[in-house]
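Sequence lines, in order, name chains A and B.
All residue numbers for the first sequence refer to the numbering used here, where the first residue is 4 and numbers rise by one.
All residue numbers for the second sequence refer to the numbering used here, where the first residue is 877 and numbers rise by one.
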Amino acid sequence: MDTPNGYWMPPAASTVAQSVDDLYFVIFWLCVVFFFIVTGGVVYFAYKYRRKHPDQLATQQIGHNTLLEATWTIIPAILVIWIFVLGFRVYMDLIVAPGDSLEYQVTAKQWAWDFRDPDGCSVPGELHVPAGRPVKLTMRSDDVIHSFYIADFRVKQDVLPGRYSSVWFQADKPGTHNIQCTEYCGTSHSNMFAKVVVHTPEEFANRAQTFCKVTVGKEHGEKLYKNQCAACHTIDGNRLVGPSFKGIWGREGKMSDGSKVIVDENYIVESIRIPTAKVVEGYPPAMPAFPTLTNDDIASIIEYMKTLK
Amino acid sequence: MNDHAAHAHDDAHDVPFLEDGKGWKSWLFTLDHKRIGVMYLWSVLIAFAAGGVFALLLRLELMAPGKQYIEADTYNRFFTLHGAIMVFLFIIPAIPSAMGNFVLPLMLGAKDVAFPRLNLLSFWIYGIGSIMALSSIVFGGVETGWTFYTPYSTNTSGAVVMMTLSVFVLGFSSILTGLNFIVTIHKMRAPGMSFFRMPLFVWATYATSILQVMATPVLGITLLLLVAERTLGIGIFDPALGGDPVLYQHFFWFYSHPAVYIMILPGMGVISEIITVFSRKTIFGYRAIAYSSLGIAIISFLVWGHHMFLSGQSAYAGMVFSFLTFLVAIPSAIKVFNWTATLYKGSISFDAPMMWTLSFMVLFTIGGLTGLFLGALGVDVHLHDTYFVVAHFHYVMMGGTVIAFYAGLHYWWPKMFGVMYREGPAKFSAIIVFIGFNATFFTQFVLGTRGMPRRYYNYLDQYQPLHQFSTFGSWIIGLGFIVMTVNLLASFKQKVKAPANPWGARTLEWSIPSPPITHNFHKTPVVTEGPYDFPVEGQAASGAEGKHA
Ligand SMILES: [Cu+2]
Ligand SMILES: [Cu+2]
């Protein structure tokens, strides 16, 4: 289902989503009723008892009314305890992963996600899962706290350094959904996007021949760029954390030690493998090393860079 | 002060406090609670303006996804400043320190607070803390968010130490004011003013003061630990040094949830005063409101974990915190019902303070009700750290406290400065702010429900129309506050003299001239009735003076 769930909710695309939405609307209507009781009372009284001449006094002074006060204490108390129980039930469904879940490993770092499926296959910036199977992600962070959020699945969990946390979901049909980071983690927090791609079980079973196959070329390079570099490097000439890649290939750059460098294969490989070896003048030495990138990956990135005129 | 007391009937000292001494020294070294209150008032108003400008800049950047006119890092610094200024420099001191200082002793029939020197000290500390907070802008800025979550805050660059130390310093100002008020309320009530004859604003301030004294030290210690980790490398919160980042969150919210009530309780106190006076009715359920303030103060210490349902805290802890969070909703609901019932059979006028109060009633109700979504565990998972939360706490903090603050400002303005403002523009500004507020923040409930995370510089295209609408709303709020400010300031030029009791209120601050003389009361008043004993139709009005022997 890729259409929003009513005016308020995003698409409901996991097995738990509908029960979250149902509870949301229970609370919603309860709020609407109470809102109209209170504002209705305020507006009605304000109109009915408005002061018509300056010396008008109240017609009656009422200090309190035990029965009324007991009623409006007990009824809300019962209602909120009821919501508490419903909320806790849904929560248990959200956090207890079924025993037969597919187990994935997830690593978050500033500002990218790395997903590994049970076979160790990883596609940069994309989480590939089958429809109709529970999937459990065991997550950790390499640096600060991040939070893993798929709005369409109604799941969210903080990802911590030095500790594992986990989240599970079962997507109900093939499709693509956004993954967003929801714990503030610095400059590119809002660009820490990824996608979850839900496949049919057959597509997923054949992944070694399709999306999990290693490819070399500028398309693969572009994908890597988007997922691993775009948080710091633009392709439109604007400065972000690092210099833009626009026209990078063959450009002459000035380093912080005063030397000059022409951007070629070796320089790019060095920039990725040992980022501190040469630091571009005017920028902080903030570029991380990327040990997970293979030589083929880097070759693909270089192919892609050549296209950025 | 002693000097004044000794010459209580010496007419030379019967000058209004505003004219008792000229020049900046007569202000900066004053021991008069009213002058200290006024200095606080101007300071928090400036802080509100500064925080508001940052808010408008943030909304402007969010007109469209991607870069509009500032860089991501600048945006992050701006939202940190917006939050830190609004919370620590404006909302926390706004009602207790500015209005509380001015009216609390007057309401009690006292000549000053219990410790006038301590009171001045707390203002100075506030001044120093504020300067430190703002100086962080030139020392590299802070982009951690006002919550300073570790390990981000211990590793990122910028003036984090300066900012956290400033909050540490500001905490002392808060503690000293709280302490002063507790002692004042216990020891300086006029003869005949029993606890249950105190105005509800005093009760609210009392509960707030207890929270300030008990919770603020925890924040101070936490921030010192953070500073120690950052500067000395002592591992407390950073796992790379063997620390625990979630521990920081526990410490932080152990203060900051009670702080939510430090912010809202005084606002509720203001509303209780205004709603009675402008409907000429005794408050419905005095004791329920008084006790619910204390109830809130106590339970509020036990719900901090509701900020951490997704932090990796255990499911059982989550369950207990969720349950207690729902319990703390009840006393707030009771207050809203009581205020509504107070209007029943009253004689209701719609002067500016009442307009702001009615606005509060609507906005605070929405703020409180939307808390139910966030307290329910299963729904919070979806809404946590989205714009839904942003909208919720703006409805409570701004729709609640800030609107109550401006209600109080319009209510006590004649008493503070001895002049009346123009009624038309004052009402108009209340309405404009109400409209702009809903346009800005109701939209954000929709954004959040649809999955828009908070603290985002960039966002998915699908959210743009709502973001734009919210930004338009923020301009309407800005306009409303400009109208309000100009109108209030114009009252100094128009010099329309305020009577002692323009609203027909019955609490003690209205029984003395506007503005009050330096030592407040010629003769200590003797209280013989409750603060809201308004007459009814057919019964002779006794007037506010009638209750003093
Ligand atoms: Cu993030
Ligand atoms: Cu809280």
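Note that beta-carbon positions come from the ideal geometry of N, C-alpha and C, so glycine has one too.
Kindly examine ligand 4 and report whether one of its heavy atoms sits closer than 8 Å to the Cβ of W1180 of chain B.
-> This structure lacks ligand 4; its bound ligands are ligand 1 and ligand 2.
Could you have a look at E255 of chain A and say whether DSSP puts it in helix, strand or coil?
-> Along the first sequence, read from residue 1 onward, the residue named residue 255 of chain A stands at position 252. Here E255 of chain A sits in strand by DSSP.
Which runs of the alpha helix (DSSP H), 4 residues or longer, sit entirely within the region 235-291 of chain A?
-> Within the region 235-291 of chain A, the complete alpha helix (DSSP H) runs of at least 4 residues are 268-276.
Taking only beta-carbon atoms, is Y1137 of chain B less than 9 Å away from chain A?
-> Numbered from its first residue, the second sequence carries residue 1137 of chain B at position 261. With respect to chain A, the C-beta atom of Y1137 of chain B has no partner C-beta closer than 9 Å.
Is the CB of E186 of chain A under 9 Å away from at least one CB in chain B?
-> Here residue 186 of chain A corresponds to residue number 183 of the first sequence, with the count starting at 1. Yes, its Cβ sits closer than 9 Å to a Cβ of chain B.
Three-state secondary structure assigned by DSSP to A174 of chain A = On the first sequence, residue 174 of chain A is found 171 positions in, with the first residue counted as 1. DSSP places A174 of chain A in strand when its eight states are reduced to three.
What residue range is occupied by the uninterrupted alpha helix (DSSP H) comprising F78 of chain A?
-> Counted from its first residue, the first sequence places residue 78 of chain A at position 75. In the sequence on display, residue 78 of chain A carries Ile and not Phe. For I78 of chain A, the enclosing alpha helix (DSSP H) begins and ends at T69 to I98.
Given V1372 of chain B, which residues of its chain have a CB within under 7 Å of its CB, disregarding the five upstream and five downstream residues?
-> Your numbering for residue 1372 of chain B matches position 496 in the second sequence. Hits under 7 Å: V1295 and M1296.
Assuming V891 of chain B contacts Q63 of chain A under a Cβ cut-off of 8 Å, what Cβ separation, rounded to an integer in Å, is found between them?
-> The sequence position of residue 891 of chain B within the second sequence is 15, counting from 1. The sequence position of residue 63 of chain A within the first sequence is 60, counting from 1. The Cβ separation is near 43 Å, so there is no contact.
Measure the Cβ-Cβ separation of Y1408 of chain B and T1152 of chain B and say whether it is below 9 Å.
-> One-based indexing of the second sequence puts residue 1408 of chain B at position 532. One-based indexing of the second sequence puts residue 1152 of chain B at position 276. Yes.
Taking 9 Å as the cut-off, decide whether the C-beta atoms of L26 of chain A and G1324 of chain B are in contact.
-> Taking the first residue of the first sequence as position 1, residue 26 of chain A is located at position 23. Taking the first residue of the second sequence as position 1, residue 1324 of chain B is located at position 448. Cβ atoms of L26 of chain A and G1324 of chain B: not closer than 9 Å.
Residues bridged to T1262 of chain B [DSSP beta-bridge criterion] | Translated into positions along the second sequence, residue 1262 of chain B becomes position 386. BP columns for T1262 of chain B point to B:P1329.
Boundaries (first-last residue) of the beta strand (DSSP E) holding F118 of chain A = By 1-based counting over the first sequence, the position of residue 118 of chain A is 115. Bounds of the beta strand (DSSP E) holding F118 of chain A are A115 to R119.
What's the C-alpha gap between Y1028 of chain B and F1160 of chain B?
-> Taking the first residue of the second sequence as 1, we reach residue 1028 of chain B at position 152. Taking the first residue of the second sequence as 1, we reach residue 1160 of chain B at position 284. Rounded to whole angstroms, Y1028 of chain B to F1160 of chain B spans 49 Å at the Cα level.
Are any of the Cβ atoms in chain B nearer than 9 Å to that of Q63 of chain A?
-> As a working mapping, residue 63 of chain A is identified with position 60 in the first sequence. Chain B contact via Cβ: present.
Cβ shell of A911 of chain B (< 7 Å), same chain only, five flanking positions each side left out = To locate residue 911 of chain B, count along the second sequence from 1; it is residue 35. Checking the sequence shown, residue 911 of chain B turns out to be Arg, not Ala. Closer than 7 Å at the Cβ level, and outside the excluded window around R911 of chain B, lie F893 and W903.
Of all the CB atoms in chain B, is at least one closer than 9 Å to the CB of M4 of chain A?
-> Along the first sequence, read from residue 1 onward, the residue named residue 4 of chain A stands at position 1. For M4 of chain A, the predicted structure reports a pLDDT of 39, less than 50, and the residue's modelled location is therefore unreliable. A value from the coordinates is still provided. Not closer than 9 Å to any Cβ of chain B, the Cβ of M4 of chain A fails to qualify, so no.
Collapsed DSSP secondary structure at Q183 of chain A in the structure displayed | Mapped onto the first sequence, residue 183 of chain A falls at position 180. Look at Q183 of chain A here: in three-state DSSP terms it is strand.
Identify the contact partners of H67 of chain A in chain B, using a Cβ-Cβ distance below 8 Å as the criterion.
-> For this step, residue 67 of chain A is matched to residue 64 along the first sequence. The contacting residues are F1160, G1161, Y1162, R1163 and A1164.
Straight-line CA distance for S262 of chain A to K249 of chain A?
-> Position 259 of the first sequence, counted from the first residue, corresponds to residue 262 of chain A. Position 246 of the first sequence, counted from the first residue, corresponds to residue 249 of chain A. Roughly 21 Å between the two C-alpha positions.
Can you give me the start and stop residues for the beta strand (DSSP E) that A974 of chain B sits inside?
-> Translated into positions along the second sequence, residue 974 of chain B becomes position 98. Per DSSP, A974 of chain B belongs to no beta strand (DSSP E) and is neither H nor E.
Nearest CA to the CA of D1120 of chain B: which residue from B:I1112, B:H1126 and B:A1209?
-> Position 244 of the second sequence holds residue 1120 of chain B. Minimum Cα distance to D1120 of chain B is reached at B:I1112.
Check the C-beta distance from Q108 of chain A over to R92 of chain A and give it rounded, since I have them as a contact under 8 Å.
-> In the first sequence, counting from the first residue as 1, residue 108 of chain A sits at position 105. In the first sequence, counting from the first residue as 1, residue 92 of chain A sits at position 89. 30 Å between Cβ atoms; not a contact.
List in chain order: all unbroken alpha helix (DSSP H) runs of 4+ residues lying wholly within the region 1121-1208 of chain B.
-> 1121-1153 and 1162-1175
Look at the Cβ atom of K176 of chain A, then the Cβ atom of K309 of chain A, and state whether they are nearer than 9 Å.
-> Translated into the one-based positions of the first sequence, residue 176 of chain A becomes position 173. Translated into the one-based positions of the first sequence, residue 309 of chain A becomes position 306. Not a contact, by the Cβ cut-off of 9 Å.
Nearest-angstrom Cα distance between A1425 of chain B and H1270 of chain B?
-> One-based indexing of the second sequence puts residue 1425 of chain B at position 549. One-based indexing of the second sequence puts residue 1270 of chain B at position 394. Note that A1425 of chain B scores 31 on pLDDT, short of 50, meaning its location in the model is unreliable; the coordinates nonetheless yield the value given after this. Using only the alpha carbons, I get a separation of about 46 Å.
If you drop the 5 nearest sequence neighbours on each side, which residues of the same chain put their C-beta closer than 7 Å to that of P1134 of chain B?
-> Taking the second sequence and counting its residues from 1, one reaches residue 1134 of chain B at position 258. Once the five neighbours on either side are set aside, the close Cβ partners of P1134 of chain B are L1087, A1091, S1176 and F1177.
Give a yes or no on whether the minimum CB-CB distance between V891 of chain B and chain A is below 9 Å.
-> The residue you call residue 891 of chain B lines up with position 15 of the second sequence. False, the Cβ-Cβ gap to chain A never drops below 9 Å.
Could you give the uninterrupted runs of the beta strand (DSSP E) lying entirely in the region 98-161 of chain A, keeping only those of 3 residues or more?
-> If only uninterrupted beta strand (DSSP E) runs of at least 3 residues are considered, those enclosed by the region 98-161 of chain A are 105-112, 115-119, 129-133, 138-144 and 149-153.
Since G165 of chain A meets chain B, which of its residues come closer than 7 Å, beta carbon to beta carbon?
-> Stepping through the first sequence from its first residue, residue 165 of chain A is reached at position 162. By Cβ distance, chain B contributes P1115.
Does any residue of chain A bring its CB to less than 9 Å from the CB of V1412 of chain B?
-> Along the second sequence, read from residue 1 onward, the residue named residue 1412 of chain B stands at position 536. Yes, V1412 of chain B counts as interfacial toward chain A.
For the region 1246-1259 of chain B, which residues have a CB atom closer than 9 Å to at least one CB atom of chain A, in sequence order?
-> T1246, L1248, F1249, G1251, A1252, L1253, G1254, V1255, D1256, V1257, H1258 and L1259
Mind pulling the chain A residues with CB within less than 9 Å of V1179 of chain B?
-> Along the second sequence, one-based indexing puts residue 1179 of chain B at 303. Neighbours of V1179 of chain B on chain A: none; closest Cβ ~12 Å, over 9 Å.
Min CB distance A1425 of chain B to chain A below 9 Å = Here residue 1425 of chain B refers to the residue found at position 549 of the second sequence. Model confidence at A1425 of chain B stands at a pLDDT of 31, short of 50, so the residue's coordinates are unreliable and nothing is read from them.
Listed by chain order, chain B residues near F37 of chain A by CB distance under 7 Å | Residue 37 of chain A sits at position 34 when you count from the first residue of the first sequence. Neighbours of F37 of chain A on chain B, chain order: L1245.
Starting from K943 of chain B, trace the alpha helix (DSSP H) both ways and give me its first and last residue.
-> As a working mapping, residue 943 of chain B is identified with position 67 in the second sequence. Unbroken run through K943 of chain B: none, as it is neither H nor E.
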